[in-house]
Amino acid sequence: MNIWLLLSLLMAHVIGDFYVQNDKYCKKKEDSKIKSPFLFIHSVIMGLLAWAFVPAMDFWAFAALVFATHWLIDAMKLCMRKGLGAFLTDQMIHVGILCFIAYRYTPHHCLPLQFIGLFDNIYIPAFAFALLCCLKPTNILIKLILERYRIGETESCKGIKNAGALIGNLERILTLAFVMIGQYGAIGFIVAAKSLLRFKETDTAKTEYVLAGTLLSFGIATLCGLGVKYVIPLF
C-alpha cells in the first residue's frame, strides 16, 4: 500500500466531508433523504477531490468508485438513527474504501503531497492532515460522545458549547504543535491552567461537560501528534 496515496485520499475525504460540506447542506440532505440533490452534489465533489489529489488519467475509475460508494454510504446513513454509532460507522466504511483503493492502485508519478516534503523532520502533509482532523471532525466527534453519554445536558451548558468549540480548536492546535516539538510538559501546563479557571465552578453538570470535553480534546490531539511524529515516518 502506498502511504502517500492513502494520505492523499484521506486528506481529500476530510476536506470534502467536513469542510466543503456545511451544516446547512447536511440539514437539507436529512430533510429530503436520498431525494436530496445535495447528496448527489456532495458525492460528485468527493469524487472530484479524490481525483484532484491523485491527478492521473488512469485514476478516473477509482474516483468514480469514491463517488458511487460515497453516495451509497451517505444514503444509508440518512436512513439510520443519528448519533455516535452512525457517525463512526459511516467514517469507518469510507476509510475502508479508501484503504482498498490505496491497496489496488499504484501511482505512476509522484503525488502532489510528496512535493511538499519535510520541515525540521516533520512531514508537513501529515501534520496538515492531523491539524484538519483536530478541528471540525474532532468537534463533531466530541459533541456526539457527550450527547451519547448525556454529559452536560442542562440549560447551564448550552451557553458554553459554541465557545467550547473555539477553545477546543485552540487547545488542540497548541497540543498538536507541542507534541511535534516534543514539549509534553507544556501540554500539562495548558491542562492545569484550564482546570484553574474552572476550579470554583459549582455547577456539577457544567463541570462534567468541561472536564469530559477537555480530556477528549487533549487526548485526540495528542494521539494525532504522536501518529504524525512516530507512525508516519515508519512508512
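Whatever position you read off the sequence shown (first residue = 1), add 200 for my numbering.
From the three backbone atoms N, C-alpha and C, an ideal C-beta is built for every residue, glycine too.
In this text the structure is predicted, and so the values were computed from the model without any measurement.
Nearest-angstrom Cα distance between residue i and residue j?
i    : j    : result
L331 : T375 : 10 Å
A302 : Q291 : 16 Å
A412 : H308 : 46 Å
R201 : A275 : Residue identity check: residue 201 is Met in the sequence provided, not Arg. Taking the straight line from one Cα to the other gives about 29 Å.
W260 : F267 : 11 Å
Y225 : F238 : 7 Å
D258 : H213 : 20 Å
Y323 : V428 : 7 Å
A286 : I345 : 12 Å
M246 : H270 : 8 Å
V410 : L335 : 17 Å
Y430 : L423 : 10 Å
F378 : A386 : 7 Å
L248 : I297 : 16 Å
I432 : F262 : 24 Å
Y384 : S417 : 15 Å
L284 : R350 : 12 Å
G382 : K282 : 38 Å
P325 : L311 : 11 Å
F240 : A264 : 13 Å
F329 : R304 : 22 Å
V244 : I215 : 14 Å
Which residue comes first and which comes last in the alpha helix (DSSP H) that contains residue i?
i    : result
M276 : 260 to 278
A330 : 324 to 334
K224 : 223 to 232
C299 : 284 to 304
F238 : 237 to 253
Just to check, is the beta-carbon of residue i closer than 7 Å to a non-hydrogen atom of the ligand NAP?
i    : result
E408 : For the ligand NAP, the structure offers nothing, since it holds no ligand at all.
In three-state DSSP terms, what is residue i?
i    : result
H308 : coil
I342 : helix
R372 : helix
Q314 : helix
G382 : coil
M201 : coil
R188 : The chain is shown only over 201 to 435; residue 188 falls outside these bounds and no answer can be derived.
A412 : helix
A256 : coil
Please determine, among the options, the residue with the shortest C-alpha to C-alpha distance to residue i.
i    : options                : result
K235 : L210, C279, L207, G216 : C279
I203 : L313, K282, W271, H242 : L313
R372 : H242, F300, A421       : A421
S208 : L284, F378, I293, F315 : F315
E347 : G368, H294, E408, R304 : E408
L272 : H294, C310, R281       : H294
C299 : L210, K227, G425       : L210
I want to know whether the stretch 341 to 349 touches the stretch 219 to 232 - three or more CB-CB distances under 8 Å. no
With a threshold of 8 Å, are at least 3 pairs of Cβ atoms found where one atom belongs to the stretch 229 to 238 and the other to the stretch 253 to 265? no
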